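For reference, the structure is listed below as C-alpha cells.
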Amino acid sequence: MKFDNRVTRLTGVETPVVQAPMGWIARSQLASAVSEAGALGIIETSSGELDIIRKEIQQMTQLTNKPFGVNIAQAFVRDPDIGQFIIDQGVKFVTTSAGSPEHYTETLKNAGLT
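Heads up: the sequence shown begins at 98 in the numbering used here, then just goes up one per residue.
Listed below in C-alpha cells is the structure:
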C-alpha cells in the first residue's frame with residue numbers, strides 16, 4: 098500500500114510512522130533500521146554531548162541513505178548551539194522533547210528544517 102499524506106510528503110518516507118526518540122535506545126543502529134524499513138528513524142540526544150551526537154549522525158549516513166531525523170531533548174542539552182550543530186551536520190528533520198522548543202524553532206525553520 099502506498100501512502101501519500103502530509104507526513105510522507107514533508108519527510109520523504111514511504112510509511113507515515115515516526116520512531117520515538119527513546120533515551121539511550123534510539124541510536125543509529127535502531128534508527129537506521131527504521132529508516133531502511135521506510136519509516137522515519139530518529140536519533141536521540143540524551144547524552145547532550147555533541148561528539149556522541151556527531152558520531153551517531155555519521156553512523157546513520159553510513160547505514161542508510163533514507164530520511165532520518167534527530168531529537169533535541171531540551172532537559173539534557175549541554176550546548177545551547179545544538180540546533181545549529183544539527184543543521185551543520187546536514188540533518189533535515191528535527192523533533193523536540195523534554196521542554197519547550199522555542200529556543201530552537203527560529204534557527205531550525207530558517208535553515209529549512211521540518
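All C-beta atoms, glycine included, are put in the ideal place defined by N, C-alpha and C.
All values derive from a computational prediction rather than experimental measurement.
Would you kindly report the start and end of the unbroken alpha helix (DSSP H) that includes residue i?
{"i": "Phe-48", "result": "Look at the range of the chain in this structure, 98 to 211, and you will see that residue 48 is not part of it."}
{"i": "Ile-39", "result": "One cannot answer for residue 39 here, as it falls past the ends of the chain, which runs 98 to 211."}
Return the chain-ordered list of same chain residues with a C-beta closer than 7 Å to the C-beta of residue i, the five sequence neighbours on each side being excluded.
{"i": "Gln-181", "result": "Thr-204"}
Given a cut-off of 9 Å on the beta-carbon distance, is the pair residue i and residue j in contact?
{"i": "Gly-138", "j": "Ser-144", "result": "no"}
{"i": "Val-115", "j": "Thr-193", "result": "no"}
{"i": "Ile-183", "j": "Ile-169", "result": "yes"}
{"i": "Lys-163", "j": "Gly-209", "result": "no"}
{"i": "Gln-126", "j": "Gln-156", "result": "yes"}
So is residue i buried or exposed if we call it buried at 16+ other beta carbons inside 10 Å?
{"i": "Arg-124", "result": "buried"}
{"i": "Gly-109", "result": "exposed"}
{"i": "Pro-118", "result": "buried"}
{"i": "Asn-102", "result": "exposed"}
{"i": "Met-98", "result": "exposed"}
Would you kindly report the start and end of the unbroken beta strand (DSSP E) that includes residue i?
{"i": "Thr-193", "result": "191 to 194"}
Between which residues of its own chain and residue i is the CB-CB distance below 6 Å, once the five residues before and five after are set aside?
{"i": "Gly-196", "result": "Gln-171 and Ala-172"}
{"i": "Asp-176", "result": "Leu-147"}
{"i": "Val-188", "result": "Val-167"}
{"i": "Lys-152", "result": "none"}
Rounded to whole angstroms, how far is the Cβ of residue i from the Cβ of residue j, which I believe are closer than 8 Å?
{"i": "Gly-120", "j": "Glu-141", "result": "6 Å"}
{"i": "Gln-186", "j": "Ile-154", "result": "5 Å"}
If I measure Cβ to Cβ from residue i and keep anything under 8 Å in the same chain, skipping five residues before and after, which residues do I get?
{"i": "Thr-105", "result": "Glu-111, Thr-112 and Pro-113"}
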